[in-house]
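Quick notes on the structure that follows.
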Amino acid sequence: MPLNLYYHPLSPPSNVVRIVAKLIDTSFEETEVSVVTGEHLKPEFLSINPFHCVPTLVDDGYALWESRSIITYLVDKFAPGHSLYPTDLQKRATVNRWLYWDSGTFYASLNAYFGPVFAGKPVKPEAAEVFKKNASALDESLKSTKYVAGDELSVADISITVTISVASAMGIDTSELKNVEKWLKQVESDFDPSTWQTLVIDSANGLGTYFKSKAFSS
């Protein structure tokens, strides 16, 4: 049975998975799930993922959700030994550390900014400041490394790149962080131009536009 990815085109975690799949030349069927209209809460999707979130990957009946778990699974299964997710214990631990930082700190602080708006609540400017402080910590770390986890592109770079690109599209300006800007240009150069444009820039701008329409409409 083929792989199937349940996703939403404006979901940053969904696009992280789609990017990694392209980088390791792995294809899957894609089933769009509209979280706006509540498709993720319908019984047929809940039977696959009771946590009703996208992305969700189904591999021959095995369902897996949480993007950072999905991307490491994909590399281990379809491109074992790939530098995106190294097998060396310490290198892999460093990649994992950055993935957990993105999930628990960086993306979490961004979600604290935009999440309430999607629930019909006012934007919290102070949350944007927390995100910028986290971005400054990333900038400091990138003084000494080419990529977040060392000298090679990893799945952690992809996840964090999508996070910061979405933040920029939502109006959080981090352009003064020169190490981050240099790193982003490096990551962009590692992508196929169409992948970068479609799954990083266009998707971030689409979500940013939707966020602004909700947050700042009169």
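With the working numbering applied, the sequence shown covers 14 to 231. Yeah, the Cβ is synthetic: ideal placement off N, Cα and C, and Gly gets one too.
Residues near residue i in its chain [Cβ-Cβ closer than 6 Å; skip 5 each side]
i	result
Trp196	Leu155
Identity of the residues DSSP links to residue i by a beta bridge
i	result
Val71	Asn17 and Ala76
Tyr160	Gly163
Boundaries of the beta strand (DSSP E) in which residue i is found, first to last residue
i	result
Glu42	Glu42 to Glu45
Residues of its chain near residue i, where Cβ-Cβ distance is below 7 Å and the 5 sequence neighbours each way are ignored
i	result
Leu87	Val33, Ala34, Ile37 and Thr39
Ala141	Tyr126 and Ile185
Asp72	Leu16
Contacts around residue i, its chain only, beta-carbon distance under 8 Å, and the 5 residues preceding and following it disregarded
i	result
Phe41	Pro15, Leu16, Asn17, Leu18, Ala34 and Leu70
Asn233	Residue 233 lies beyond the residue range present for the chain, which begins at 14 and ends at 231; the question has no answer from this structure.
Pro22	Asn28, Glu45, Ser216 and Gly219
Lys225	Met183 and Gly184
Range of the contiguous alpha helix (DSSP H) that encloses residue i
i	result
Leu36	Pro25 to Leu36
Gly219	Ser216 to Ala228
Asp186	Where Asp186 is concerned, there is no enclosing alpha helix (DSSP H), given that its DSSP letter is neither H nor E.
Asp152	Pro138 to Ser154
Assumed close pair residue i, residue j - CB separation to whole angstroms, cut-off 8 Å
i	j	result
Phe64	Val46	The Cβ separation is near 13 Å, so there is no contact.
Trp56	Tyr20	One detail in the question is off: residue 56 reads as Pro in this sequence, not Trp. That pair is no contact at about 19 Å.
Tyr98	Val168	5 Å
Problem - Length-filtered (3 minimum) beta strand (DSSP E) runs lying within the region 80 to 128 - result: none
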